[in-house]
Each structure stands twice: as C-alpha cells, then as structure tokens.
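Worksheet: one structure, shown below.
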Amino acid sequence: MRAWILEEQAEIEERPLKLVEVPTPHPQDGEVRIKVLVCGICRTDIHIAEGDLPLKKSPIILGHEVVGIVDEMGGGVERFSIGDRVGAYWLHSSCGVCKYCLSGRENYCPEITCTGWDEDGGYAEYMTIPAA
C-alpha cells in the first residue's frame with residue numbers, strides 16, 4: 004500500500020514526509036483494519052514532523068484524524084462489521100484500569116499510546132486500530 008512516512012524530523016518546508024510502498028497491515032485479535040477515506044492534518048502531526056515532539060518510532064505513519072471503512076477484522080471483534088464507517092483519533096490505547104481511565108481521562112493514562120506517534124496512523128491507504 005502507499006503511505007506517507009516520516010523517517011527523520013525536519014522543517015515542513017524541507018518536505019520530511021516520503022510517499023512509499025509499505026506492507027499492507029492486517030489486524031491482530033481485537034483489532035480492525037480501516038480502508039482510509041480521509042485523514043485530517045493536525046498541528047500535532049506538524050509538531051512530530053518538525054521535531055517539536057520527539058520521534059518515538061521511525062519510520063512512522065502520521066495522522067490521527069481518520070475516517071474510513073472497516074474492511075478486515077481480527078479475531079474476537081464483535082462491535083463492528085465489514086463495511087462499517089469508523090473513525091480513529093489520537094488515543095490509540097490505554098490501560099483501562101488506572102484512575103485516569105476509570106474516570107474518563109484516558110489521555111492522562113501512564114500507558115497511553117497515540118495514533119500517528121506510537122502506532123502508525125492514517126496517512127496511508129490502510130491502518131489497523133483496536134476495536135475498543
């Protein structure tokens with residue numbers, strides 16, 4: 004599949020994103036794959052690309068404002084069906100049991116992972132996300 008990847012941080016004017024062919028991801032148990040229809044550009048993506056935020060993974064596919072269609076599901080997924088329209092956002096996963104998760108403040112979870120920063124995001128034709 005085609006994806007815009009970031010390998011090295013640089014000013015946006017230097018065009019740090021590269022359009023490349025990468026393997027199409029397949030969902031693990033508890034995940035869905037999204038055929039990406041649109042992905043917004045957020046200032047956070049620019050902060051990561053330019054180095055204002057540290058690069059946690061390289062290469063990384065940025066993008067966390069995603070809308071698409073479920074086209075493949077991993078084992079145990081019951082919440083969605085093939086063809087469902089879904090969205091993905093900044094919060095990729097959290098522990099679900101800490102005081103922040105239990106009070107609806109998952110963004111403060113010490114085990115948070117973020118779409119497009121810790122895990123590949125939506126500047127691609129497909130992406131996988133937890134069904135939760």
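So in the numbering used here the end of the sequence shown lands on 135, straight run, no missing numbers.
Note that the Cβ used here is the ideal one computed from N, Cα and C, for glycine as well.
All figures in this text were calculated on a predicted structure; none of them were measured in a lab.
Are residue i and residue j close, meaning C-beta to C-beta below 8 Å?
i	j	result
P30	G77	yes
H67	A91	yes
G79	D32	yes
D123	I44	no
What does the Cβ neighbour count give for residue i, buried or exposed, with the cut at 16 atoms within 10 Å?
i	result
A111	It is Tyr, not Ala, that sits at residue 111 in the sequence shown. Looking at its Cβ environment, which holds fewer than 16 other Cβ atoms inside 10 Å, Y111 is exposed.
H50	exposed
V41	exposed
L9	buried
Measuring alpha carbon to alpha carbon, tell me which residue in the options is nearest residue i.
i	options	result
T47	Y126, W120, A127 and A135	W120
With DSSP collapsed to three states, give me the class of residue i.
i	result
E109	helix
D48	helix
I15	helix
Task: the region 29 to 39 in contact with the region 123 to 131 per 3-pair CB rule at 8 Å - done: Flag = yes, the region 29 to 39 and the region 123 to 131 touch.
- [ ] Kindly confirm or deny that the region 97 to 117 and the region 6 to 24 touch, where touching means at least three C-beta pairs closer than 8 Å.
- [x] Contact between the region 97 to 117 and the region 6 to 24 is absent, because fewer than three Cβ pairs lie under 8 Å.
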